[in-house]
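Below is one structure, written out as C-alpha cells; comments come after it.
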Amino acid sequence: MRKPLAAGNWKMHNTLGAGRDLVSGIKAGIEGGLTGEVATEVLVCPPFTLLYPLKETLAGSPVMLGAQNVHEEEKGAFTGEVSVSMLADAGCSHVIIGHSERRHVFGESGERLNQKVRAVLAGSDMTVIYCVGETLNDREAGQTEQVVGQQMDEVLGPDVPADRLVIAYEPVWAIGTGKTATPDQAQEVHKFIRARLSSIYGEEAADGLRILYGGSVKPGNAADLMGQPDVDGALVGGACLVADDFVAIIKAAASSVR
Ligand code: PGA
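This note's numbering runs 419 ahead of the 1-based position in the sequence shown.
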C-alpha cells in the first residue's frame with residue numbers, strides 16, 4: 420500500500436505573516452483527522468525565506484517542509500543560489516526538482532536536473548520530488564509518453580534510491596490554467612510512468628513509489644484524480660494557498676487510501 424502525499428508548492432507567494440497564518444490554518448484543519456495512523460503525508464514547500472521560520476511554526480505537527488529548488492554545487496560563487504546543505508539545515512525533508520517553471524521559465528536542462536538530483540542524494544537525507552510533464556504541443560503531437568519517458572531517463576537510474584524519490588506528473592498545459600487532466604488522462608500517464616519505474620527498479624520497488632498528479636488540482640477534482648489506481652497524491656499550486664482548500668485536498672488524499 421502506498422501512503423498518499425499531499426504537497427503544496429507555494430511558488431513565489433507569501434511573506435512571513437501570511438505564511439504563518441497559512442500553516443496554522445493547515446495544522447488546525449487536519450488536527451485530530453490525521454493523527455494516530457496518519458493516512459496521508461502532508462508537505463508544504465514555501466519560498467526559501469520562509470523555510471526556517473516555518474520549521475519552527477510546524478514543530479510538533481506531522482506537516483513536513485520542502486524546498487522548491489536547489490543548486491547543484493555544494494558552495495561557492497553562485498550569487499542568488501541555495502545549496503543542499505542549506506536546505507537541510509533549514510529543516511527541509513523534501514526538495515522539488517524539475518518543476519515545469521524551472522524547465523521552461525529558467526531553462527533548466529535534463530543534464531542540470533540530473534546534477535541537482537545527485538547533489539541532493541549525496542549531500543543530504545532529503546527526498547526528491549522529481550517533476551515531469553508534457554506541453555500542449557507535445558500532447559497534440561502524440562508525444563506525451565516520449566517526452567515524459569525522456570525526462571525520466573535523463574535523471575533517473577538505479578543509483579537514485581527508490582525510497583528517496585517521489586515522481587510528480589504535471590502536464591504543463593494544466594498548470595495554473597484551470598484545465599485539469601481528466602482522471603483517465605492522468606491515470607494513463609501515471610501507469611506509463613510506473614511501468615518505466617518498474618524497468619529501472621523492478622516491479623516491487625516501482626509498486627511502492629508515489630506518483631503525484633499536479634496541474635489545477637482543486638477541492639472539487641482531487642478525490643476523482645486520487646481515486647485512480649496509480650495516482651498517489653497531489654502536487655498543488657494555486658489551491659494550496661488557501662488553507663481550507665488545501666485541507667480539503669489533504670482529506671481527499673487521506674480518503675483515497677485503498
Ligand atoms: P497549479 O500548480 O495547482 O496552480 O496548477 C501546480 C504546480 O505547478 O505544481
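Quick reminder that beta carbons are idealized off the backbone N, C-alpha and C, glycines included.
- prompt: Taking Cβ to Cβ, would you say Ser675 is nearer than 8 Å to Pro472?
  reply: no
task: Report the residue from Ile619, Asp544 and Phe467 whose alpha carbon sits nearest the alpha carbon of Asp572.
output: Ile619
- prompt: Taking C-alpha atoms, which residue in Val650, Ala437 and Leu654 lies nearest to Lys610?
  reply: Val650
query: With respect to the beta strand (DSSP E) encompassing Met483, which residues constitute its N-terminal and C-terminal limits?
result: Met483 to Ala486
query: Under the three-state reduction of DSSP, which class applies to Cys659: helix, strand or coil?
result: helix
- prompt: Candidates Asn488, Val503 and Ala486: which alpha carbon is nearest Lys494's?
  reply: Val503
Burial state of Asp664, where buried means 16 or more other Cβ atoms lie within 10 Å: buried
- prompt: Below 8 Å, can you find three or more Cβ-Cβ pairs linking the region 515-523 to the region 555-562?
  reply: no
- request: Determine the extent of the alpha helix (DSSP H) in which Gly640 is found, giving its start and end residues.
  value: A small correction: the amino acid at residue 640 is Asn; Gly does not occupy that position in the sequence shown. Counting along the chain, the alpha helix (DSSP H) containing Asn640 begins and ends at Pro638 to Met645.
- request: With Glu460 as the anchor, note down where its beta strand (DSSP E) starts and where it stops.
  value: Glu460 to Cys464
field: Pair within 8 Å by beta-carbon distance, Asn428 and Val655
entry: yes
query: Looking at C-alpha atoms only, which residue of Cys659, Lys670 and Glu623 is the closest neighbour of Ala642?
result: Lys670
- prompt: Which of the three DSSP states, helix, strand or coil, is assigned to Ile594?
  reply: coil
- request: Flag Ile619 as yes when its Cβ comes closer than 7 Å to any non-hydrogen atom of the ligand PGA, and as no otherwise.
  value: no
message: Which complete alpha helix (DSSP H) runs does the region 528-582 hold, if anything under 4 residues is left out?
response: 529-542, 555-559 and 563-574
query: So which of His490, Glu475 and Met645 has the shortest CA-CA distance to Met407?
result: There is no way to answer for residue 407, as the model of the chain reaches only from 420 to 677.
- prompt: CB-CB under 6 Å to Val591, same chain, minus the five flanking residues each way: which ones, in chain order?
  reply: Ser519, Gly552 and Thr554
query: What is the DSSP secondary structure of Gly448, counted as helix, strand or coil?
result: helix
query: Should Ala523 be labelled buried (16 or more other beta-carbon atoms within 10 Å of its own) or exposed?
result: Note that residue 523 corresponds to His in the displayed sequence, not to Ala. That one is exposed.
- request: Within the same chain, show all residues whose beta-carbon is closer than 8 Å to that of Ile612, passing over the 5 residues directly before and after it, in chain order.
  value: Val551, Val567, Met571, Ile586, Tyr588, Ile630 and Asp649
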